[in-house]
Amino acid sequence: MVLFLLMILLHRSSAHPTLLNIPDCGLTRVAPRIIGGVDASINQAPWFVQLVFDKYFCGGSLITLRHVMSAAHCGAQKAYLRDPAGFLKVLRVKVGSSIASDMKIYHPVAVRRHPKFNGHYYFNDIMIVDVGQEIRVRGVRPICLVSEKEKDYAVEGAMAVVFGFGKISATSKKNAETLQVTVQKILPKKTCANHPRLKDYLYDTSLHICAYLALTRKGRTDACEGDSGGALSVVRKYGERSVRQFAVGIVSYGFNCAVRNYPGIYTRVSTYQKFIVKTVQAMHGQKYLF
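What the sequence shown shows, in mature numbering (1 follows the signal peptide of the UniProt record, and there is no 0), is residues -15 to -1, 1 to 275, in sequence order.
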């Protein structure tokens, strides 16, 4: 049944707001050139959203015209976990601009964290947010996801990009006002699994991706606090003539920010295809799901 639903959701040609991989998903103008990152245009990541709750915020990605994929650890403070309705009351989804203060604000109606999310080891660090209505902002479109019939695009050596409004340096108290972009290189599973610090976190190659790239004269670039939940995306062919951005990871955790020889860790999206589909299907008519 899940496979049947996945085929329907991924391959219908209609742009219904609950459909994954609509015809124009992942279309973007990416300049592969956020700590050490550079200013980006929302046209480079038209699926990017910001999740804001109280004084905190995270990134996220539209996977349909009304559903956002983000990290489960966003808003996972004990008070919010005890009171999911209270979390929804303060949660806002912001879309449609590369300037944080200019983004359009939506009030979501449902949140679903993975039922086996582990906040200590960042296992199953994925969350789906239902905005409750179709997002109608010019230029906004979802990112593409890999279907069960396709291979995982998070392959060794692949270059990937991350967008976010997080801190612009490890010591900074300020977050970026303009959307930032950085490039990361996906590392071999063996390299990540054998990293001494990752062993302490029980790094699992089936659940996680690690990526790292020293790109600037001052040091490496990286995602940082405030970037959690945003997509790690790669460019791949879509049909015979088109190329699209596919979400292969979700910004999950790291060791401070941009520390030399310490990769960033991302939730492996391909592992959670069934969870994504079931959640999108279950959310309609629900006030909240935790």
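Glycine is no exception: its CB is placed at the ideal position from the N, C-alpha and C atoms.
Hey, quick one: how far does the alpha helix (DSSP H) through residue i stretch, first residue to last?
i: V265; result: 258 to 267
i: C10; result: Looking at the DSSP string, C10 is not in any alpha helix (DSSP H), and its letter there is neither H nor E.
i: T167; result: Note, T167: premise wrong, no alpha helix (DSSP H); beta strand (DSSP E) at 165 to 171.
i: T176; result: 174 to 178
Pull up the DSSP beta-bridge partners for residue i, would you.
i: I27; result: I27 is not bridged to any residue.
i: C43; result: L36
i: A145; result: Q169
i: K222; result: V228
i: G234; result: L217, R253
i: N246; result: None; N246 has no bridge partner.
i: C59; result: DSSP output for C59 lists no bridge partner at all.
Which first and last residues belong to the beta strand (DSSP E) in which residue i is found?
i: Y65; result: Taken as a continuous stretch (DSSP letters only), Y65 belongs to no beta strand (DSSP E), being part of the alpha helix (DSSP H) at 63 to 67.
i: C195; result: 193 to 197
i: S55; result: 52 to 55
Kindly indicate which residue of the options has the alpha-carbon position closest to the one of residue i.
i: M268; options: H92, V37, R97, R67; result: R97
i: A143; options: L172, N160, I128; result: L172
i: C43; options: F150, Y188, L187, D110; result: F150
i: H92; options: S83, K79, A85, S86; result: K79
i: P181; options: V122, E135, P248, E162; result: P248
i: V37; options: Y186, K136, N160; result: N160
i: F33; options: L130, V228, F72, S83; result: S83
i: G224; options: V131, S46, I27, G45; result: V131
i: G117; options: M88, C177, A95; result: A95
i: G45; options: S255, N246, G234; result: G234
i: N28; options: I111, R123, L76, I90; result: R123
i: A139; options: Y251, D68, E119; result: Y251
i: R229; options: S86, V146, G11, G81; result: G11
i: A57; options: Y238, V219, A232, T167; result: Y238
i: Y41; options: T13, R77, D9; result: R77
i: D115; options: F260, A232, T3; result: T3
i: H105; options: I261, V236, A61, V147; result: A61
i: I48; options: K174, I120, M88; result: I120
Which term fits residue i, buried or exposed, when burial requires 16 or more other beta carbons within 10 angstroms of its beta carbon?
i: Q165; result: buried
i: N179; result: exposed
i: R126; result: buried
i: S55; result: buried
i: A70; result: exposed
i: Q258; result: buried
i: T190; result: exposed
i: R205; result: The predicted model places R205 with a pLDDT of 47, which falls under 50 and marks its position as unreliable, so this point remains unresolved.
i: L187; result: exposed
Closer than 8 Å, CB to CB, is residue i near chain C or not?
i: V219; result: Of the chains in the structure shown, none is chain C; there is only one protein chain.
Worksheet entry | beta strand (DSSP E) segments (min. 3 residues) lying fully within the region 64 to 122 | With a minimum length of 3 residues, the continuous beta strand (DSSP E) runs that stay inside the region 64 to 122 are 76 to 80, 89 to 91, 95 to 98, 112 to 115.
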